[in-house]
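Structure, as structure tokens:
Here it is as structure tokens:
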């Protein structure tokens, strides 16, 4: 990993207007480049907004395959500016009405380095529970000249095992595009824990403003260092949240101290006592479980 600046874009979308949102995003990319960003990250489903307010068949018509109309101009912007971009959109599956919630890593040359399909859609989002998306089934780490980058999307961040899987695969930075509606405390706690548990950078970029169904997102994007130090945090507004990431983030136990760090959470795990990779459910019942 090298030292570099990452920028998260808090941008209000025009619900379901892919072209308008792409054009607006292009302007934000220019602003991020002026901050010397080498990695630009957008919130979840930036081409449409999160809750679509239309049928999955109609949403399928609105978006596209990848690559396609939802990515082409952003790929060109990445190439023109020599930056990496985490771009987010609903993605067409092969069958009409088949939708994935996808984040794409676009390289400096405009080519798609890789894509990640959300593996843990929120219950109301899942097609088998009356929603519109189907889950992905892969968690990959993408090697670049700035860092090894893993991707999770919103609700994925609630699941410690997923981020640990990425860390064990060599991730140095995990980006988390989100359309997070729950409390700030949940947002901060999951970002902090995923970073600190796994000693990775978490770049968590949340939506701001309304979607097609009138849900209002609170922003507060944040960048957390591998030692748990909060490097940057946004407000509930359109803005850029950015920070410089160091290739030596575990030298000290916390920001502002010279006390050396003497532990490694991944190396220090006692694997003999773990029994987590199996089905289960909470001993407590939700007030209303989406069937």
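Residue numbers (our numbering): 1133 to 1423.
In this text, a Cβ means the ideal position worked out from N, Cα and C, and glycines have one as well.
Quantities reported herein were computed from a predicted structural model and do not represent experimental measurements.
Ranked by Cα distance from residue 1302, the options 1398, 1414, 1180 are led by 1398. Your pair residue 1210 and residue 1240 checks out as a contact, with CB atoms roughly 6 Å apart and the cut at 8 Å.
Just measuring C-alpha positions, the residue of 1277, 1186, 1205, 1201 sitting nearest residue 1159 is 1205. Assignment of beta-bridge partners to residue 1365 by DSSP yields 1354.
Within the model, the alpha-carbon separation for residue 1378 versus residue 1401 is close to 25 Å. The three-state reading of DSSP puts residue 1322 in helix, counting H, G and I together. The three-state secondary structure of residue 1299, taken from DSSP, is helix.
Taking a C-beta distance under 8 Å as the contact criterion, residue 1236 and residue 1247 qualify as a contact pair. With respect to the C-alpha of residue 1271, the residue from 1264, 1283, 1323, 1261 having the closest C-alpha is 1283. By the neighbour-count definition (other C-beta atoms within 10 Å, threshold 16), residue 1409 is an exposed residue.
Distance from the Cα of residue 1395 is smallest, within the candidate group 1387, 1308, 1383, for 1383. Contact holds between the stretch 1170-1185 and the stretch 1214-1233, because three or more Cβ pairs, one in each stretch, are under 8 Å apart. Between residue 1305 and residue 1418, the alpha-carbon positions lie close to 33 Å from each other. A residue is called buried once 16 or more other Cβ atoms fall within 10 Å of its Cβ, and residue 1367, having fewer, is exposed. Note on residue 1249: 16 or more other CB atoms within 10 angstroms of its CB, so buried under the neighbour-count rule. Residue burial is scored here from C-beta neighbours: residue 1321 has fewer than 16 other C-beta atoms within 10 angstroms and is therefore classed as exposed. In this structure the stretch 1141-1158 touches the stretch 1173-1193; the number of beta carbon pairs closer than 8 Å is three or more.
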